Amino acid sequence: MHASAAERLLHHYRSTARTLPWRAPPGAPRTDPYRVWLSEVMLQQTTVATVTPRFLRFVERWPTIEALAEASDEEILAEWAGLGYYARARNLIACARAVAERGSFPTSEAELRQLPGLGPYTAAAIAAIGFGKDSVPVDTNVERVVARVFALSSKQQVPVAAKGWWPKGQSGDFAQALMDLGATICRPKAPRCNDCPLQADCRAAALNTPEVFPARVAKKERPHRFGLAWWSRRGDAVWLVRRPPRGLLGGMAALPGPEWTAERHAANPLAVARHGFTHFTLDLLLIARSEPVGEGWWQPIPELAEAGLPTLYRRAVEAGLAAEQEPRLAA
136 MHASAAERLL
146 HHYRSTARTL
156 PWRAPPGAPR
166 TDPYRVWLSE
176 VMLQQTTVAT
186 VTPRFLRFVE
196 RWPTIEALAE
206 ASDEEILAEW
216 AGLGYYARAR
226 NLIACARAVA
236 ERGSFPTSEA
246 ELRQLPGLGP
256 YTAAAIAAIG
266 FGKDSVPVDT
276 NVERVVARVF
286 ALSSKQQVPV
296 AAKGWWPKGQ
306 SGDFAQALMD
316 LGATICRPKA
326 PRCNDCPLQA
336 DCRAAALNTP
346 EVFPARVAKK
356 ERPHRFGLAW
366 WSRRGDAVWL
376 VRRPPRGLLG
386 GMAALPGPEW
396 TAERHAANPL
406 AVARHGFTHF
416 TLDLLLIARS
426 EPVGEGWWQP
436 IPELAEAGLP
446 TLYRRAVEAG
456 LAAEQEPRLA
466 A
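The opening position of the sequence shown corresponds to residue 136 in our numbering, with each subsequent residue numbered one higher.
Here is the structure:
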């Protein structure tokens, strides 16, 4: 079953592969490892639709890893703004400079693992897709397809099953074939089993219960936190600061304010911006201040996009501007 099913999937991939700016067509020369690495970092916790235009902007501005390594932290963080999970951006900066210093990407999965921010999946993906190594990158789409083909309830069983199934010499195309299948046909809900090239070999399909594989782990309820943001205006500008280099949203442009806490502040805010982080939900209360707080700069409102505000603070600024307009609208 293994070899024939793998070949059917590869045949299906050759005619249905998604066209993505970081991907070489099936059978074509391998993709530049820089583009593989950049796309994989961007795609962590972020959709293909969101990443595609941002990836194109990045490679237009920094077409090589050497060019990216020479850019300032502020330039890269500003370009990353809105993609979220900003630790990725800081790891991106560190990794680009490490690769530029050594002269090129290492080619083995083990060496790639030594680079900043590269975990098992990303290292395996670069090795397989960028260098043609027989590595086995398992992302959430691959995990779901393999779990269903072999009817594996536990995600921990997937890597061993995947390694035994993976065809030698075609690791990159096979990985991308599984990724595409998981994204378009073997979806988390309402999988299109009748359109799947693996239907005849899929144990979950034979059981008529594909959606139960792999077993889902109940998500914990996210705690709630609260923060204050000082809102200072001067003409057509708003006062911004830069967050400390380490920690959540490290190095990003922001509205000034104290540390976030689990206690709601007894304040009468101008506006409230809510944002969901991975491990908690935050309510950010905007408090009007006549004088600016902290070391920062006056950012012209028409040029806010150039400040590189992360989503939380972009929403907060939008909420503050809207709140300022309310009395005028009421009048």
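Beta carbons: idealized from backbone N, C-alpha and C, even for Gly. Predicted model only: the values in this text are computed from it and were never measured.
Residue i, enclosing alpha helix (DSSP H) - first and last residue
i, result
"residue 297", "293-300"
"residue 168", "168-178"
"residue 334", "That residue, residue 334, is in no alpha helix (DSSP H); it is neither H nor E in DSSP."
"residue 311", "306-319"
"residue 248", "No alpha helix (DSSP H) contains residue 248, which DSSP labels as neither H nor E."
"residue 281", "275-284"
"residue 348", "Careful: residue 348 lies outside any alpha helix (DSSP H) and carries neither H nor E."
"residue 258", "255-260"
"residue 196", "183-196"
Proximity below 7 Å, CB of residue i to CB of residue j
i, j, result
"residue 376", "residue 337", "no"
"residue 258", "residue 248", "yes"
"residue 454", "residue 406", "yes"
"residue 297", "residue 280", "no"
"residue 415", "residue 360", "yes"
"residue 169", "residue 200", "yes"
"residue 255", "residue 233", "no"
"residue 366", "residue 421", "yes"
"residue 445", "residue 216", "yes"
"residue 391", "residue 428", "yes"
"residue 364", "residue 419", "yes"
"residue 340", "residue 328", "yes"
"residue 141", "residue 302", "yes"
"residue 171", "residue 265", "yes"
"residue 231", "residue 213", "no"
Same chain only: Cβ atoms within 7 Å of residue i, ignoring 5 sequence neighbours per side
i, result
"residue 466", "Any reading at residue 466 is ruled out, since the residue's pLDDT is 35, under 50, leaving its predicted position unreliable."
"residue 161", "148, 149, 152 and 308"
"residue 208", "228 and 386"
"residue 342", "286"
"residue 288", "348, 349 and 350"
"residue 314", "274, 276 and 277"
"residue 439", "452"
"residue 380", "386"
Enclosing beta strand (DSSP E) for residue i [first to last residue]
i, result
"residue 554", "With the chain covering 136 to 466 only, the question about residue 554 has no answer from this structure."
"residue 376", "372-377"
"residue 361", "359-366"
Exposure of residue i, with buried meaning 16 or more beta-carbon neighbours within 10 Å
i, result
"residue 362", "buried"
"residue 166", "buried"
"residue 370", "exposed"
"residue 460", "exposed"
"residue 273", "buried"
"residue 447", "buried"
"residue 270", "buried"
"residue 443", "buried"
"residue 262", "buried"
"residue 317", "buried"
"residue 146", "exposed"
"residue 225", "buried"
"residue 411", "exposed"
"residue 180", "exposed"
Contacting residues, own chain, Cβ-Cβ under 6 Å from residue i (five flanking each side not counted)
i, result
"residue 464", "Because residue 464 carries a pLDDT of 37, less than 50, the predicted location of this residue cannot be relied on, and the following value inherits that uncertainty. Excluding residues within five positions, none has a Cβ falling inside 6 Å."
"residue 408", "419, 450, 451 and 454"
Cβ shell of residue i (< 8 Å), same chain only, five flanking positions each side left out
i, result
"residue 155", "174, 183 and 187"
"residue 399", "361 and 418"
"residue 144", "309, 312, 313, 316, 332 and 333"
"residue 396", "360, 361 and 362"
Could you pull out every unbroken beta strand (DSSP E) segment of at least 3 residues lying fully inside the stretch 394-456, listed in chain order? 406-411, 416-423 and 431-435
Can you list the alpha helix (DSSP H) stretches of 4 or more residues lying completely in the stretch 206-230, in chain order? 208-215
Of all the alpha helix (DSSP H) runs that stay within the bounds of the stretch 137-162, which reach a length of 4 or more residues? With a minimum length of 4 residues, the unbroken runs of alpha helix (DSSP H) contained wholly in the stretch 137-162 fall at 137-151.
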